[in-house]
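A.B. asks: The structure follows.
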Amino acid sequence: WKGYAGTSFGRFFANSLFMCIGAVIGNLIACTMAAYAFGRLKFDGRGFWFAVMMITLMLPGHVTIVPRYILYNTFGWVGTYLPIIVPKFVATDAFFVFLLVQFIRSLPKELDEAAIIDGCSKVGVFSRIIVPLATPALVTVALFTFLWTWDDFFNHLLYLTDPRTFSVSRALRTFIGDAGAVNNWGGALAMSTLSIIPAFILFFSLQKYFVQGITTTGLKG
75 WKGYAGTSFG RFFANSLFMC IGAVIGNLIA CTMAAYAFGR LKFDGRGFWF
125 AVMMITLMLP GHVTIVPRYI LYNTFGWVGT YLPIIVPKFV ATDAFFVFLL
175 VQFIRSLPKE LDEAAIIDGC SKVGVFSRII VPLATPALVT VALFTFLWTW
225 DDFFNHLLYL TDPRTFSVSR ALRTFIGDAG AVNNWGGALA MSTLSIIPAF
275 ILFFSLQKYF VQGITTTGLK G
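Count along the sequence shown from 1, add 74, and you get the number used in the working numbering.
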């Protein structure tokens, strides 16, 4: 299909994949590091900052729409993928941090102590013990991040202004005319069907880890 502004469906598909991969990488790196700090390290104000992070979960996303848009517009990011990808690298998804904190707290601290006795540093404990053992939780984070970014419409509508940068969800909106009627049912249905294929493939291929991650992150030993 090649329709809106002469841009092909393959371009929209590639744009969505690029944003999803960037968001997944950002969340895995930032949220895992933040969760390790809250779950294992001792520092002044740890409880306070963890409480602040939890409070943000109760803050409706619509409250921050205008401030975020003004901030990103000031940076010159509107019309690019930066507003969608960059925030993931600073652990802005408190839900995933909380999920990983619960998982890390369920891991025996004796593993950390044994590694430190053997000469392992805090960074080594994180990279060689915590991260490998947290694979189920990390897969859960990656899966949710991918699906939520892929299905996101509002942020893509708000920040992606160039048709060449449109995601699949944003491009589907172009089938609807000003009067609210679909002007190309064949193209719309074909594109809608193709757009759900990545989600199906990802979910069923990672289903084992996903279920394991959901089960274990709710436990605290």
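For glycine and all other residues, C-beta sits at the position ideal for the given N, C-alpha and C. Only a predicted model underlies this, so the values are computations on that prediction, with no experimental measurement involved.
Which residue wins for smallest C-alpha separation from residue 262, given the options 169, 237 and 247?
C.D. replies: That would be 247, whose Cα lies nearest to the Cα of residue 262.
A.B. asks: Is residue 180 helix, strand or coil by DSSP?
C.D. replies: Three-state DSSP puts residue 180 in coil, outside helix and strand.
A.B. asks: Can you say whether residue 113 is buried or exposed, counting buried as having 16 or more other CB atoms within 10 angstroms of its CB?
C.D. replies: Per the 10 Å Cβ criterion, buried.
A.B. asks: How would you write the range of the alpha helix (DSSP H) that residue 267 sits in, first residue to last?
C.D. replies: Note, residue 267: alpha helix (DSSP H), 259-269.
A.B. asks: On the criterion of 16 or more Cβ atoms from any shown chain inside 10 Å, does residue 62 qualify as buried, or is it exposed?
C.D. replies: Only positions 75 to 295 of the chain appear in this structure, which leaves residue 62 out of reach.
A.B. asks: I want to know whether the segment 132-144 touches the segment 206-215 - three or more CB-CB distances under 8 Å.
C.D. replies: With a cut-off of 8 Å, the segment 206-215 and the segment 132-144 do not count as touching, because too few Cβ pairs lie within range.
A.B. asks: May I ask which residues mark the beginning and end of the alpha helix (DSSP H) holding residue 225?
C.D. replies: Counting along the chain, the alpha helix (DSSP H) containing residue 225 begins and ends at 209-225.
A.B. asks: Run through DSSP, which three-state label would residue 90 get?
C.D. replies: Of the three classes helix, strand and coil, the one that applies to residue 90 here is helix, per DSSP.
A.B. asks: List the endpoints of the continuous alpha helix (DSSP H) containing residue 121.
C.D. replies: Run containing residue 121: 120-130, per the alpha helix (DSSP H) assignment.
A.B. asks: Find out if the Cβ-Cβ distance for the pair residue 183, residue 97 is shorter than 8 Å.
C.D. replies: Their beta carbons are not under 8 Å apart, which means residue 183 does not touch residue 97 by this criterion.
A.B. asks: Hey, could you find the ends of the alpha helix (DSSP H) residue 157 is sitting in?
C.D. replies: That run of the alpha helix (DSSP H) goes 156-159.
A.B. asks: Anyone know if the C-beta pair for residue 273 and residue 222 falls short of 8 Å?
C.D. replies: The answer is no: Cβ separation not under 8 Å.
A.B. asks: To the nearest whole angstrom, what separates the beta carbons of residue 227 and residue 243, a pair I think is in contact under 8 Å?
C.D. replies: Between residue 243 and residue 227 the Cβ distance is about 5 Å, and since that is below 8 Å, they are a contact.
A.B. asks: With 16 as the cutoff for other CB atoms within 10 Å, does residue 135 come out buried or exposed?
C.D. replies: Residue 135 is exposed by the Cβ-count criterion.
A.B. asks: Give me the residue from 220, 216, 214 and 181 with the minimum Cα distance to residue 203.
C.D. replies: Nearest of 220, 216, 214 and 181 to residue 203, Cα basis: 181.
A.B. asks: Between which two residues does the alpha helix (DSSP H) holding residue 196 run?
C.D. replies: Here the alpha helix (DSSP H) through residue 196 covers 196-199.
A.B. asks: Decide if residue 199 is buried, meaning its Cβ has at least 16 other Cβ atoms within 10 Å, or exposed.
C.D. replies: When all chains shown are included, residue 199 counts as buried.
A.B. asks: Compute the beta-carbon to beta-carbon distance between residue 238 and residue 120, rounded to the nearest angstrom, for a pair I have assumed lies under 8 Å.
C.D. replies: That belief does not hold up - the Cβ atoms of residue 238 and residue 120 are roughly 45 Å apart, past 8 Å.
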